[in-house]
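Under numbering that gives the first Met the number 0, the sequence shown has 109 at position 110, and the numbering climbs by one with no breaks. Positions of the beta carbon are idealized from the N, C-alpha and C atoms, including for glycine. These numbers were taken from a predicted model, which means no experiment stands behind them. Following: one structure in structure tokens, then a few remarks.
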Amino acid sequence: MPMFAESVKNPAEAGDALRPARAPSGFLRKILPNWVRRRKAAPAQRERARDKDAPPRVIIDLTDVVCHAVWHDACAGIPRVQLEIARALLARNPMAQALGWHRNKWRDLGPLIVAADGDVDQIFALLKETFCDIGWNAKGARLALRRRRRNLNIESFAEAPDLRPQDALLIGGAFWLNLEIVNLCKDAAAKGANLVVLFHDLIPLSMPSFTGHDFAREYREMLSLPAHFVVTTEQTRSELKRARRRIDGWGGRISSTVTPLADEFPGSPRNEIAGPPPPRLAALSMQGFALCVGTIEIRKNHFLLMTAWEELAAERGGDMPKLVIAGRRGWKAQATLNRIDALEPDGPIGFIETPSDDELRWLYASCSFTVFPSLFEGWGLPVGESFWFGKPCAASNAQSIGPVARNLCSAFSPHHIDDMKSAIRRLLDADQRAVFQCRIEAAPLRTWSEFAAEIEALIAERRPMSDPLLLRESEESFAARAA
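This is the structure in structure tokens:
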């Protein structure tokens, strides 16, 4: 979960590669009438905001997705999860509203999602185009012109939504990025609204050494609220219970739902065949390769993988495919980044920095197999995405990866290089690779529409809230942390 706030360094420039407009799809025809009705009814809704008989609203906070779009060129896994949920809820519920806090104002993101016709990649591109800073250069001028032409009419509000007991607030990502979001959650809880918080992991509490910043207090604040918590695995639910007990020694009643994430790579049919390579990947089309997808951070364990791959290459010579590492630069992994920067073009390992979705799609479809050596995950999206393209995966046997890996992976201990090499050797053998491919082909894989439908259902059911807890932290410890 804490993956988007960690590596903020330089403002990302607006993307120039927005796809051309397409004819309205079934999704647009479905969502547009609801959107128009809600827009027309907006003044009346505001007038009766305090009316207890008013229809319940579903407020979806996408603040961290806006922030991620401003700072990064490609959409990471968790922001993609949130956008999938938002587009599904907006398509099916006329009282759903997607909001983001940006530059001290709340922004209604509904027109932007409608303009993207439900395409998550396009939603992300429009977020970047709409909210990133305009530079005083030619690229900035082009961005300003595109904004004017689109005229999305993003409505702004100085005050947070006035939540009522019948309303629901969905927090699906990095709530710690802005105090305004934490305060919105506290306000929702105080007013008895249906507060639903999706925790992808509890790494800032359970394994703080893996994070780039200290978000422990924000996590404890959120865990102390009377919310319904959604987690992706039973292990995360157990960690959540332990974390609440550590807050005050009691923990109280904990209301939670386990909802697994999806295997689907959005925009691609299952077992998609690779088309022509994107320009940056043209050289890879002439050779076999294995793929490792993930941000370069200490938790992802790239350093040990690179060592294992180089040893296998020395052992097997020309019989060893290239390892392609695809991801953005992260945190606490300088030794790995130093090795990456020293890679030779013709060496056994290559690096594709900040791959686009189209590049990732081609890499998954073209590789022989994937490798996922992570020490710990909330879920492990690249493992499921590998299956979606029918590709076997040599994956860490860390308990946190088990729910997505199932029995479909060549498993290894992420702490032992010899075990890692043995798992990779299995997938280097074409016959053994075919065995894993048959397992994957027979396995039911989960889609994002299924995941979003389950989130929508639990919001509509208004499942019980957890007991509120008293967050105990001394003023001295808070002052020390702030310093």
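Compute the Euclidean distance between the alpha carbons of I246 and L470, then round it to the nearest angstrom.
Taking the sequence shown and counting its residues from 1, the one referred to as residue 246 is at position 247. Taking the sequence shown and counting its residues from 1, the one referred to as residue 470 is at position 471. If I take the Cα positions, the gap works out to 6 Å.
Pull up the CB-CB distance for A68 and F130, whole angstroms please, since I reckon it's below 8 Å.
Residue mapping note: residue 68 aligns to position 69 of the sequence shown, counting from 1. Residue mapping note: residue 130 aligns to position 131 of the sequence shown, counting from 1. Right, their Cβ atoms sit about 7 Å apart.
Could you tell me the distance, in whole angstroms, from the CA atom of A485 to the CA atom of L374?
The structure shown does not extend to residue 485, since the chain is modelled only from 0 through 482, so no value can be given for it.
Between the C-alpha atoms of R252 and L239, what's the straight-line distance to the nearest angstrom?
Translated into the one-based positions of the sequence shown, residue 252 becomes position 253. Translated into the one-based positions of the sequence shown, residue 239 becomes position 240. Cα to Cα, the separation comes out at about 12 Å.
Just tell me which of H101, P93, A115, P54 has its CA closest to the CA of E83.
Counted from its first residue, the sequence shown places residue 83 at position 84. Nearest C-alpha to E83: A115.
Classify S465 as buried or exposed, calling it buried when 16 or more other Cβ atoms lie within 10 Å of its own Cβ.
Counted from its first residue, the sequence shown places residue 465 at position 466. That one is buried.
Return the chain-ordered ranges of every beta strand (DSSP E) run that is complete within the stretch 175–211 and spans a minimum of 3 residues.
Segments of the beta strand (DSSP E) lying fully in the stretch 175–211: 193–198.
Decide if R79 is buried, meaning its Cβ has at least 16 other Cβ atoms within 10 Å, or exposed.
Along the sequence shown, read from residue 1 onward, the residue named residue 79 stands at position 80. When all chains shown are included, R79 counts as buried.
Of the choices I400, K420, S399, whose alpha-carbon is the least far from that of A313?
Reading the sequence shown from its first residue, position 314 is the one you call residue 313. Considering only alpha carbons, the answer is K420.
Any beta carbon of chain C sitting closer than 7 Å to that of I351?
Structure shown: chain C not included; a single protein chain is present.
Note the first and the last residue of the continuous alpha helix (DSSP H) segment covering Q431.
Counting from one through the sequence shown, the residue named residue 431 turns up at place 432. From DSSP, the alpha helix (DSSP H) with Q431 extends over 429–441.
Which residue comes first and which comes last in the alpha helix (DSSP H) that contains L168?
The sequence position of residue 168 within the sequence shown is 169, counting from 1. Looking at the DSSP string, L168 is not in any alpha helix (DSSP H); the run it does join, the beta strand (DSSP E), is 167–170.
Under the three-state reduction of DSSP, which class applies to I77: helix, strand or coil?
Locating residue 77 in the sequence shown gives position 78, where the first residue counts as 1. Residue state, collapsed to three classes: helix.
Alpha carbon to alpha carbon, what distance is there between A85 and R91?
If you number the sequence shown from 1, residue 91 lands on position 92. If you number the sequence shown from 1, residue 85 lands on position 86. R91 and A85: Cα-Cα distance of roughly 10 Å.
Whose C-alpha, out of F435, D118, Q286, is nearest the C-alpha of C408?
In the sequence shown, residue 408 corresponds to position 409, counting from 1. Looking at the Cα atoms, F435 is the closest of the given residues.
Using beta-carbon positions only, say whether K190 and L224 come within less than 7 Å of one another.
As a first step, residue 190 must be located in the sequence shown, where it is residue number 191. As a first step, residue 224 must be located in the sequence shown, where it is residue number 225. Cβ distance not < 7 Å, so K190 and L224 don't count as in contact.
Considering G383, what are the terminal residues of the alpha helix (DSSP H) in which it resides?
For the purposes of this step, residue 383 is taken as residue 384 along the sequence shown, with counting starting at 1. 380–387 is the span of the alpha helix (DSSP H), which, as asked, contains G383.
Counting pairs of beta carbons, one from the stretch 206–214 and one from the stretch 227–238, are three or more of them closer than 8 Å?
With a cut-off of 8 Å, the stretch 227–238 and the stretch 206–214 do not count as touching, because too few Cβ pairs lie within range.
Identify which residue in H212, P265, I295, G293 has its Cα closest to the Cα of R519.
Given a span of 0 to 482 for the chain in the structure shown, any question on residue 519 remains unanswerable.
Candidates D340, A157, T256, S399: which alpha carbon is nearest P463's?
The residue you call residue 463 lines up with position 464 of the sequence shown. Closest option to P463, Cα to Cα, is T256.
When DSSP labels each residue in this structure, what does R462 get in the three-state scheme?
Taking the first residue of the sequence shown as position 1, residue 462 is located at position 463. It is coil, neither helix nor strand.
Can you give me the start and stop residues for the beta strand (DSSP E) that T369 sits inside?
In the sequence shown, residue 369 corresponds to position 370, counting from 1. Where T369 is concerned, the enclosing beta strand (DSSP E) stretches over 369–371.
Taking a contact to mean a Cβ-Cβ separation below 7 Å, would you say Q96 touches I58 in this structure?
In the sequence shown, counting from the first residue as 1, residue 96 sits at position 97. In the sequence shown, counting from the first residue as 1, residue 58 sits at position 59. Result yes, Cβ atoms of Q96 and I58 sit closer than 7 Å.
Mapping DSSP to helix, strand and coil, what is K240?
Here residue 240 corresponds to residue number 241 of the sequence shown, with the count starting at 1. Three-state result, K240: helix.
Does DSSP put D345 in a helix, in a strand, or in coil?
Reading the sequence shown from its first residue, position 346 is the one you call residue 345. Reduced to three states, the DSSP call for D345 is coil.
Given S399, which residues of its chain have a CB within under 6 Å of its CB, disregarding the five upstream and five downstream residues?
Against the sequence shown, residue 399 aligns to sequence position 400. Hits under 6 Å: Q234, F375, E376.
Alpha carbon to alpha carbon, how far is I423 from R315? Give it in angstroms, no decimals.
Start at 1 with the first residue of the sequence shown, and residue 315 comes out as number 316. Start at 1 with the first residue of the sequence shown, and residue 423 comes out as number 424. If I take the Cα positions, the gap works out to 12 Å.
Taking only heavy atoms of the ligand MG into account, decide whether any of them is closer than 6 Å to the Cβ of A325.
Absence of the ligand MG is noted for the structure shown, with no ligands found whatsoever.
Taking Y218 as the reference, give the member of W100, L322, A242, A393 with the closest Cα.
Indexing the sequence shown from 1 puts residue 218 at position 219. Out of W100, L322, A242, A393, A242 has the C-alpha closest to the C-alpha of Y218.
Within 10 angstroms of its Cβ, does G317 collect 16 or more other Cβ (buried), or is it exposed?
Along the sequence shown, one-based indexing puts residue 317 at 318. That one is exposed.
Compute the beta-carbon to beta-carbon distance between I77 and H199, rounded to the nearest angstrom, for a pair I have assumed lies under 8 Å.
By one-based count along the sequence shown, residue 77 stands at place 78. By one-based count along the sequence shown, residue 199 stands at place 200. The pair is a contact, with the Cβ atoms about 6 Å apart (cut-off 8 Å).
According to DSSP, is W70 helix, strand or coil?
In the sequence shown, counting from the first residue as 1, residue 70 sits at position 71. W70: helix per DSSP, three-state reduction.
Using beta-carbon positions only, say whether N177 and W100 come within less than 7 Å of one another.
Reading the sequence shown from its first residue, position 178 is the one you call residue 177. Reading the sequence shown from its first residue, position 101 is the one you call residue 100. It is a contact, given that the beta carbons lie within the stated cut-off.
For the beta strand (DSSP E) that S409 lies in, which residues bound it at each end?
Residue 409 sits at position 410 when you count from the first residue of the sequence shown. That run of the beta strand (DSSP E) goes 408–411.
In whole angstroms, give me the CA-to-CA distance for K485 and I339.
No statement about residue 485 is possible, as the shown extent of the chain runs from 0 to 482 and does not include it.
Do F368 and L426 count as a contact pair if the criterion is CB distance below 7 Å?
Position 427 of the sequence shown, counted from the first residue, corresponds to residue 426. Position 369 of the sequence shown, counted from the first residue, corresponds to residue 368. In contact: L426 and F368 (Cβ atoms closer than 7 Å).
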